[in-house]
Amino acid sequence: MRSFSRLLLSSCLLLLTHCAHSNGPALAKGPAPVVQTGRGPVRGLAYEDGTATFLGIPFAQPPTGERRWRAPEPAEAWSTPREASHFGVRCPQVDMRNGKPVEATSEDCLTLNVWTPALQPQKPAPVMVYIHGGGFTLGSTQDELYDGSALARAGVVVVTMNYRLGALGFLAHPALGAGAPEGSSGNYGLMDQRLALEWVRDNISAFGGDPTQVTLFGESAGAISACLQMVSPAAHGLFHRLIAESGTCYLGTTPLKDPGTPGQEDSAEERGMRFAREVGCTEGDIAACLRTRTPEQLLAVSGAALDLIKPRVGFGPVVDGNVIPAAPRQLLAEGKYAKVPLMLGTNRDEGTIFTLQAKIDTPEQYEAAVNVRVPGKAEPLLRAYPAKDFTSPKAAFSRLLGDGMFVCPTRRLARTLTEQGQPVHAYFFTYEPRKPLGSVFGGMLKLGAYHSAELPFVFGLSRGRFALDSDAERELSRKLIGYWTRFATQGNPNGEGAVQWPAYTRDGEQYLEINMELGQGSNLNAQRCDVLDSLGL
């Protein structure tokens, strides 16, 4: 249900950092490496261990002026080496803590980054392309969570990309659709992601990567994006494996036009028309009027401080009949998606980050919050998640949100694909990081195995606020990097010496439990997910 999907804000959004990544060895002596791309040469950074990094490579022309709210166009060519030693600027976005625009952003933000184990390998390396999370509202490849150094040292080429966010990335309006070749609007951020994948196809061999072995992976909104690329016909063939961490495309999309269903939420175009009115574009050439507004003016309307019980409607992917030809649920059920091996999973305490500010101290407040989130369906949910079964009413609400947004949709996707014969491996991350999550709300919070808690382990972070700070955590990270990179290499995470990760089957619904002691489980949260499924949530 889309009411759940409105809360898809990665915890990393609350912990924005502008630090450059420094998760690797010292720089190598000698001249910096230069690689020739299809648009021009780029000069990166080489390290003593043989790895190299190229940051801030433009893959699209600036989506400004007449190019705003249009499909991205490949970057213009250049002839002299372009410095690729610093990250590109963030895309315009709102700070969800206070509803104000984040500083140091620009619409000229469509850049990507490459980490490679070797520029001239004996054999091209598998490629892992990461899409960052952030509720389609904020986030950036600058964020220190997304440092590809450790994965590159494990033998894969890593690519991360920026994409347009919020209204600039997903605004749908009839006036914008009328002027578009595809006849629809919205999904500009998804088209940015696809253009980055096309760049990988055309250029990654120059960085030592194998364009026939591309794994698309992401977390939260990034996982939703990866799933949407899987059901988008235009992206088929651009990747060959997929990893979805805490996100599926059962949630997160809005129909372009009014579906005519009583009680249905606003269509994307209805939201867009309301947005246009709020920025003063009501008559004449509305598309031209919208393109005269500054990013700050647009963000001032779309911005709102974080409200986790009844958040303001934002912008996200649209079922536009073009990029997303039909509801993802329908496309998946009909087998209309890229047939690639899939690895997916969730974390035990997905909901804790979303209830930080929730005022739920009593059973009555809990009941009221559930009624606000899912009106008309609260009674069976309260029976399935009674407050007395949890340490507090807020803990019950947190678990309900986490299951509704992540755990149960993930089970649904795994079931659907395995029933159609697709190879699936599922995980459940239950480890509570030693280092508490730094919170913008003050203090250090213990949030359990929270939403995005696996990322420092997947990326093997050794420095910064998310650095793994014990030998045991670093060993767990080594194991996860092994699973992730083996999947990218062979479509199966298993390997010699590793705890066996069972394939998911409809009968057993097996998964790998990720904690200090890796283990196998089955039929995760079956009874509660059955309730959520029966309610269409």
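Read in order, the letters of the sequence shown are residues 4 to 540 in my numbering. Ideal Cβ placement from N, Cα and C applies to all residues, glycine included.
In terms of alpha-carbon separation, which member of the options lies closest to residue i?
i: Val92; options: Pro129, Met164, Ala330, Met131; result: Met164
i: Arg197; options: Val162, Leu179, Cys532; result: Val162
i: Thr421; options: Val343, Glu110, Gln368; result: Val343
i: Pro328; options: Leu231, Gly485, Ala501, Ile134; result: Leu231
i: Gly283; options: Asp474, Leu301, Pro34; result: Leu301
i: Ala128; options: Ala157, Arg481, Ala80; result: Ala157
i: Ser270; options: Thr257, Glu367, Asp146; result: Thr257
i: Val321; options: Val304, Ala390, Asp261; result: Asp261
i: Gly498; options: Tyr486, Tyr507, Thr508; result: Tyr486
i: Phe220; options: Ile246, Leu115, Val117; result: Ile246
i: Leu450; options: Ala501, Leu359, Glu370; result: Leu359
i: Asp352; options: Thr365, Pro366, Phe431; result: Phe431
i: Cys411; options: Gly250, Ser480, Arg376; result: Gly250
i: Thr215; options: Glu516, Gln333, Gln125, Gln493; result: Gln493
i: Arg468; options: Ser480, Asp205, Asp146, Ala336; result: Asp146
Where do the ends of the alpha helix (DSSP H) carrying residue i lie?
i: Ala229; result: 224-234
i: Thr413; result: 411-422
i: Asn374; result: 366-376
i: Pro3; result: Because the chain is modelled from 4 through 540, residue 3 falls outside the range shown and cannot be assessed.
i: Tyr278; result: Note that residue 278 is Phe in the sequence shown, not Tyr. Where Phe278 is concerned, the enclosing alpha helix (DSSP H) stretches over 271-281.
So that I know if they touch, is there some Cβ in chain C lying closer than 8 Å to that of residue i?
i: Val159; result: In the structure shown, chain C cannot be found, because there is only a single protein chain.
Hey, quick one: how far does the beta strand (DSSP E) through residue i stretch, first residue to last?
i: Ala247; result: 244-248
i: Pro44; result: 44-46
i: Tyr430; result: 427-432
Let me confirm a value: residue i is counted as buried when at least 16 other C-beta atoms fall within 10 Å, else exposed. Which label applies?
i: Leu16; result: The predicted position of Leu16 is uncertain, since its pLDDT is 44 and thus under 50; a value taken from the coordinates is nonetheless stated next. Result: buried.
i: Asp323; result: buried
i: Met519; result: exposed
i: His243; result: buried
i: Lys397; result: buried
i: Leu535; result: buried
i: Gln523; result: exposed
i: Gly151; result: buried
i: His135; result: buried
i: Arg85; result: buried
i: Val38; result: buried
i: Ser109; result: exposed
i: Asn101; result: exposed
i: Gly142; result: buried
Determine whether the beta carbon atoms of residue i and residue j lie at a separation below 8 Å.
i: Asp52; j: Val130; result: no
i: Tyr253; j: Arg415; result: yes
i: Thr140; j: Val203; result: no
i: Arg294; j: Gly47; result: no
i: Pro120; j: Thr54; result: yes
i: His428; j: Asn350; result: no
i: His176; j: Gly275; result: yes
i: Arg531; j: Asp406; result: yes
i: Phe210; j: Leu115; result: no
i: Gly41; j: Ala87; result: no
i: Val159; j: Thr488; result: yes
i: Ala63; j: Gly182; result: no
i: Gly348; j: Glu248; result: yes
i: Val234; j: Leu334; result: yes
i: Pro496; j: Leu148; result: no
i: Met194; j: Pro75; result: yes
Can you list, in chain order, the stretches of the alpha helix (DSSP H) that have 4 or more residues and sit fully within the segment 125-202? You should have 152-156, 169-173, 177-181.
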